[in-house]
Amino acid sequence: MYFVLGLALFRLLRISRSCNCLACPVCPQCTDAVSGPRSLALLPTRELHEIRQHNRLDQRTEQWQRQYAIRAGIEATLSQNVRACGLRRTRHRGLPKTHVQHVPTALACNVTRIADWIADPTHSRRAPSHFRAHCTAPK
2 MYFVLGLALF RLLRISRSCN CLACPVCPQC TDAVSGPRSL ALLPTRELHE IRQHNRLDQR
62 TEQWQRQYAI RAGIEATLSQ NVRACGLRRT RHRGLPKTHV QHVPTALACN VTRIADWIAD
122 PTHSRRAPSH FRAHCTAPK
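All residue numbers for the sequence shown refer to this note's numbering, where the first residue is 2 and numbers rise by one.
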């Protein structure tokens with residue numbers, strides 16, 4: 002049986018507990034499942050698995066993290082535009098008319114960010130947690 006998770010196609014293998022696992026002395030180390038068989042999700046080919054492993058090792062490097070930090074900043078900007086300014090909805094159809102709406106939306110987002118920055122750059126937006134307030138309280 003195959004299933005898709007994200008962009009990857011996986012093969013799902015189910016191991017019958019009654020046939021394979023009951024006599025095994027290391028069964029408790031293998032799975033925590035109380036009922037039902039153990040299942041393994043495997044990529045269909047060894048090459049795909051090796052590519053995924055290589056990508057995961059790359060993600061630990063400092064250069065990759067610097068590049069991803071740029072993307073994270075862009076994602077935050079898009080998220081702010083979608084949530085605060087309704088970027089996903091437009092009143093018009095067609096790219097030229099939609100662009101006319103997106104330009105003022107981006108301008109409004111930038112004005113909001115500048116106003117927040119000028120108002121109080123050191124002010125935290127959320128209140129401290131009860132634990133933090135307890136730890137920092139004068140004794």
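We put the beta carbon where it would ideally sit given N, CA and C, even for glycine.
The structure presented is a predicted model; accordingly, all values stated were derived computationally and were not measured.
| Item | Value |
| --- | --- |
| Under the three-state DSSP convention, the category residue 44 falls into | coil |
| Helix, strand or coil at residue 88 [DSSP, three-state] | coil |
| Identity of the residue in 73, 117, 83 nearest residue 106 by Cα | 83 |
| Stretch-stretch touch, CB-based, cutoff 8 Å, three pairs: the segment 79-95 with the segment 104-120 | yes |
| Cβ neighbours of residue 92 in the same chain (closer than 7 Å, five flanking residues each side left out) | 102 |
| For residue 130, the three-state DSSP class (helix, strand or coil) | coil |
| Through-space distance from residue 135 to residue 60, alpha-carbon basis | 38 Å |
| Three-way DSSP call (helix, strand, coil) for residue 140 in this model | coil |
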